[in-house]
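> There's a structure below that I have some questions on.
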Amino acid sequence: MAQVHVRPAAAADLPGMDAVHRAAFPTDLEARLVTLLVERGKATISLVAQIDRQIVGHILFSPATLVSASVGLAGPAGPERRSDLALASQGSAGPAEPTGLGLAPVAVLPAFQNQGIGSALIRQGIVACRRQGVAWVVVLGHETYYPRFGFAPASRWNLTGDYGTTDAFQFLPLTAAADSLRGGHIRYAPEFGEIIGPVV
Ligand SMILES: CC(C)(COP(=O)(O)OP(=O)(O)OC[C@H]1O[C@@H](n2cnc3c(N)ncnc32)[C@H](O)[C@@H]1OP(=O)(O)O)[C@@H](O)C(=O)NCCC(=O)NCCS
Numbered sequence: 008m009a010q011v012h013v014r015p016a017a018a019a020d021l022p023g024m025d026a027v028h029r030a031a032f033p034t035d036l037e038a039r040l041v042t043l044l045v046e047r048g049k050a051t052i053s054l055v056a057q058i059d060r061q062i063v064g065h066i067l068f069s070p071a072t073l074v075s076a077s078v079g080l081a082g083p084a085g086p087e088r089r090s091d092l093a094l095a096s097q098g099s100a101g102p103a104e105p106t107g108l109g110l111a112p113v114a115v116l117p118a119f120q121n122q123g124i125g126s127a128l129i130r131q132g133i134v135a136c137r138r139q140g141v142a143w144v145v146v147l148g149h150e151t152y153y154p155r156f157g158f159a160p161a162s163r164w165n166l167t168g169d170y171g172t173t174d175a176f177q178f179l180p181l182t183a184a185a186d187s188l189r190g191g192h193i194r195y196a197p198e199f200g201e202i203i204g205p206v207v
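Heads up: the sequence shown begins at 8 in this note's numbering, then just goes up one per residue.
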């Protein structure tokens, strides 16, 4: 296979990224989500995989927020209360800051799948997260795929997520504080709700 180059996405890559998600997923939800997150400045980490001049893969990480363990799947009963870890990482009672990132979506053009490109995007994405001091990453995805990158079911940390609490919802702590987390609810960026629909 020709040389695969993984690099940060540039504004001019958006059509290529869009084409990847439209080809890789059954619907255009992911492609629309990517465009919205980029437009809103929520593409905290966005990497493309390129072969020659073609974009063949893309991965995006957007801000996710840890809120109180008291927040149920149906939403907060009262004002959201950030967890101790969120507060500790912030160090002040200022406006809520994202304390981690959600990995979504990641895709590779069908003709280029199963050649290690998705793995390269995920691994280099996690390296970028570490470099930026990101405390944790969540993903909602294949239970047999993501553990190879260090993810484990978020239920191990007693964490729930906006889109269900099955073993598909996985957590990757990147700091000791994140690994010692016990309980909480992780919210994806609001753009997910806008595109995918109401949170469960
Ligand atoms: C998932 C995806 C990004 C992986 O990229 P890739 O370049 O094909 O993956 P790699 O070559 O690095 O790794 C291949 C491995 O992924 C596994 N894999 C791919 N799709 C999978 C799926 N739907 N469920 C479980 N494992 C999957 C393959 O079985 C293979 O496993 P092996 O290494 O044990 O043989 C790519 O298949 C894709 O774009 N799929 C469609 C979009 C999608 O589902 N995105 C993920 C949303 S969570």
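Beta carbons are placed, not taken as given, at the ideal position from N, Cα and C, and that holds for glycine.
Comparing C-alpha positions only, which one of Leu40, Leu73, Gly23 sits nearest to Trp143?
Ranking Leu40, Leu73, Gly23 by Cα distance to Trp143 puts Leu73 first.
> When you compare only the Cα positions, how much space is there between Gly123 and Ala31?
15 angstroms
> For His192, is the classification buried or exposed, using 16 other Cβ atoms within 10 angstroms of its Cβ as the cut-off for buried?
buried
> Enumerate, from N- to C-terminal direction, the unbroken beta strand (DSSP E) stretches of 3 or more residues contained entirely within the region 132-162.
143-147
> Kindly provide the chain-ordered list of residues whose Cβ lies closer than 6 angstroms to any non-hydrogen atom of ligand 1.
In chain order, the residues that have a beta carbon nearer than 6 angstroms to some heavy atom of ligand 1 are Ala31, Phe32, Pro112, Val113, Ala114, Val115, Gln120, Asn121, Gln122, Gly123, Ile124, Gly125, Ser126, Gly148, His149, Thr151, Tyr152.
> Which one of Thr172, Asp59, Glu150, Ala17 has the shortest CA to CA distance from Thr51?
Measuring from the Cα of Thr51, the nearest candidate turns out to be Ala17.
> So for Leu181, helix, strand or coil by DSSP?
coil
> For Gly190 and Gln10, I'd like the C-alpha separation in whole angstroms.
43 angstroms
> What number of angstroms, rounded off, separates the C-alpha of Thr151 from the C-alpha of Asp35?
Roughly 24 angstroms separates the two Cα atoms.
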